[in-house]
Amino acid sequence: MGIKKNFIVYGSVKGIILYKNAIKEFVECGLKAVLVGYETFKDAELADYRKKSTIEDNYKAAGILGELGVDVWASFMAHPDWDANDFSALRRYIKSLKPQITSISPLTPFPNLPMYKKYEDRLLYNAKDYEKWSFGQVMIRPSAMSLRRYYWELLVTNLYVNIFVNKKTEMIDRYGLMNIIRIFTGSLKAFNKYISLMIKN
317 MGIKKNFIVY GSVKGIILYK NAIKEFVECG LKAVLVGYET FKDAELADYR
367 KKSTIEDNYK AAGILGELGV DVWASFMAHP DWDANDFSAL RRYIKSLKPQ
417 ITSISPLTPF PNLPMYKKYE DRLLYNAKDY EKWSFGQVMI RPSAMSLRRY
467 YWELLVTNLY VNIFVNKKTE MIDRYGLMNI IRIFTGSLKA FNKYISLMIK
517 N
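Heads up, the sequence shown is in the numbering used here, so the first residue is 317 and it goes up one at a time.
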């Protein structure tokens with residue numbers, strides 16, 4: 317293509333599987349990482365989120381990117397009906413996918429989107445309470461544990477992936493120390509926020 321520049325892109329699991337050759341061309345142009353929304357470790361939840369992929373597809377996509385030498389910056393959504401065993405299963409699943417970076421956020425059903433009506437009676441905040449509608453705090457009242465315990469599980473899971481899964485040394489080599497410090501600072505802010513919300517609730 318005549319282009320040589322380091323860059324990252326968003327990519328769907330299905331797109332990665334279907335367009336492996338195109339990704340290979342992008343790698344030759346400088347593609348370093350793909351931000352992938354794996355979302356969950358349950359097929360039923362993927363269907364509920366209207367994702368056109370399966371858990372097995374997630375593994376296939378991870379394998380393709382690994383084969384091409386492309387880093388995976390994975391994201392997941394914590395479901396409000398998860399219990400402690402589900403969070404443990406998520407941690408094991410993330411470890412098996414071996415992403416370079418992982419982020420976990422509570423499921424947030426924004427107004428006017430399909431899932432909003434489903435969880436409207438369990439929302440913790442009014443739709444007009446705009447500053448609360450972010451991916452940084454729980455919006456739907458958990459059904460399997462207290463809100464405080466739910467924040468605890470989010471905190472433990474985020475700590476786990478940052479300590480045992482995220483590949484810090486590898487990331488420093490590829491992206492430089494300052495970029496990794498920026499990512500770490502963002503993670504630290506999330507930890508502090510979860511602790512604050514856990515105490516508050």
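The beta carbon of each residue, even a glycine, is placed where N, CA and C say it ideally should be. Computed from a prediction, not measured in an experiment: that's the story for all the values here.
*Kindly confirm or deny that the segment 366-373 and the segment 329-343 touch, where touching means at least three C-beta pairs closer than 8 angstroms.*
Touching, yes.
_Reduced DSSP category for T571 - H, G, I as helix; E, B as strand; rest coil_ = Because the chain is modelled from 317 through 517, residue 571 falls outside the range shown and cannot be assessed.
*Using alpha carbons as the reference points, say which of A338, Y335, I333 and G346 lies closest to T323.*
Locating residue 323 in the sequence shown gives position 7, where the first residue counts as 1. Here residue 323 turns out to be Phe, not Thr, going by the sequence shown. It is G346.
*Note down, in chain order, each residue of its chain lying with its Cβ closer than 6 angstroms to the Cβ of S419, except the 5 sequence neighbours on either side.*
Locating residue 419 in the sequence shown gives position 103, counting from the first residue. Listed in chain order, the non-local C-beta contacts of S419 below 6 angstroms within the same chain comprise S391, local neighbours out to five positions each way being set aside.
*Output the distance between the C-alpha atoms of D364 and E355, rounded to the nearest integer angstrom.*
Within the sequence shown, numbered from 1, the residue matching residue 364 stands at position 48. Within the sequence shown, numbered from 1, the residue matching residue 355 stands at position 39. Answer to the nearest angstrom: the Cα atoms are 11 angstroms apart.
_Those runs of the alpha helix (DSSP H) which lie wholly inside the segment 397-471 and span at least 4 residues_ = Counting whole runs of 4 or more residues, the segment 397-471 contains the alpha helix (DSSP H) stretches 400-413 and 430-435.
*Tell me whether K589 sits in a helix, a strand or coil according to DSSP, three-state version.*
One cannot answer for residue 589 here, as it falls past the ends of the chain, which runs 317 to 517.
*Run the CB neighbour count on Y446, radius 10 Å, all protein chains shown included, and call it buried at 16 or more, exposed below.*
Counting from 1 along the sequence shown, the entry for residue 446 is found at position 130. Y446 is exposed by the Cβ-count criterion.
*asked:* Tell me the rounded alpha-carbon separation between K336 and I417.
replied: Residue 336 sits at position 20 when you count from the first residue of the sequence shown. Residue 417 sits at position 101 when you count from the first residue of the sequence shown. About 21 angstroms.
_Y365: first and last residue of the uninterrupted beta strand (DSSP E) it sits in_ = Within the sequence shown, the letter at position 49 stands for residue 365. No beta strand (DSSP E) contains Y365, which DSSP labels as neither H nor E.
*When the Cα atoms are used, what is the spatial distance from E341 to V472?*
The residue you call residue 341 lines up with position 25 of the sequence shown. The residue you call residue 472 lines up with position 156 of the sequence shown. Cα-Cα distance, rounded: 38 angstroms.
*Is the distance from the Cβ of K348 to the Cβ of D387 below 8 angstroms?*
Looking up residue 348 in the sequence shown gives position 32. Looking up residue 387 in the sequence shown gives position 71. Yes, these two residues count as a Cβ contact at 8 angstroms.
_Measuring only the C-alpha atoms, how far is R555 from A377?_
Given a span of 317 to 517 for the chain in the structure shown, any question on residue 555 remains unanswerable.
*asked:* Given a cut-off of 8 angstroms on the beta-carbon distance, is the pair Y432 and P425 in contact?
replied: Within the sequence shown, residue 432 is the residue found at index 116, counting from 1. Within the sequence shown, residue 425 is the residue found at index 109, counting from 1. Using a Cβ distance threshold of 8 angstroms, Y432 and P425 count as a contacting pair.
*asked:* For a quick check, are the C-beta atoms of V477 and Y466 less than 8 angstroms apart?
replied: Within the sequence shown, the letter at position 161 stands for residue 477. Within the sequence shown, the letter at position 150 stands for residue 466. Their beta carbons are not under 8 angstroms apart, which means V477 does not touch Y466 by this criterion.
*Buried or exposed: where does F480 fall if 16 or more other Cβ atoms within 10 Å of its Cβ makes it buried?*
Start at 1 with the first residue of the sequence shown, and residue 480 comes out as number 164. By the neighbour-count rule (16 or more Cβ atoms within 10 Å), F480 is not buried but exposed.
_Delimiting residues of the alpha helix (DSSP H) encompassing S332_ = Reading the sequence shown from its first residue, position 16 is the one you call residue 332. Note that residue 332 corresponds to Ile in the displayed sequence, not to Ser. In the DSSP annotation of this structure, the continuous segment of the alpha helix (DSSP H) that includes I332 starts and ends at V329 to L334.
*Look up V388 in the DSSP assignment and say whether it is helix, strand or coil.*
By 1-based counting over the sequence shown, the position of residue 388 is 72. Assigned with DSSP and collapsed to three states, V388 falls in strand.
*Just confirm the distance between the C-beta atoms of M441 and K434, as a whole number of angstroms; I'd bet it's less than 8 angstroms.*
The count along the sequence shown starts at 1 and reaches residue 441 at position 125. The count along the sequence shown starts at 1 and reaches residue 434 at position 118. The sequence shown places Tyr at residue 441, not Met. Taking a contact as a CB-CB distance under 8 angstroms, the pair Y441 and K434 does not count as one, their CB atoms being some 16 angstroms apart.
*asked:* On a Cα-Cα basis, can you pick out the residue from K368, P415 and P430 that is closest to L351?
replied: As a working mapping, residue 351 is identified with position 35 in the sequence shown. L351 has its Cα closest to that of P415, out of K368, P415 and P430.
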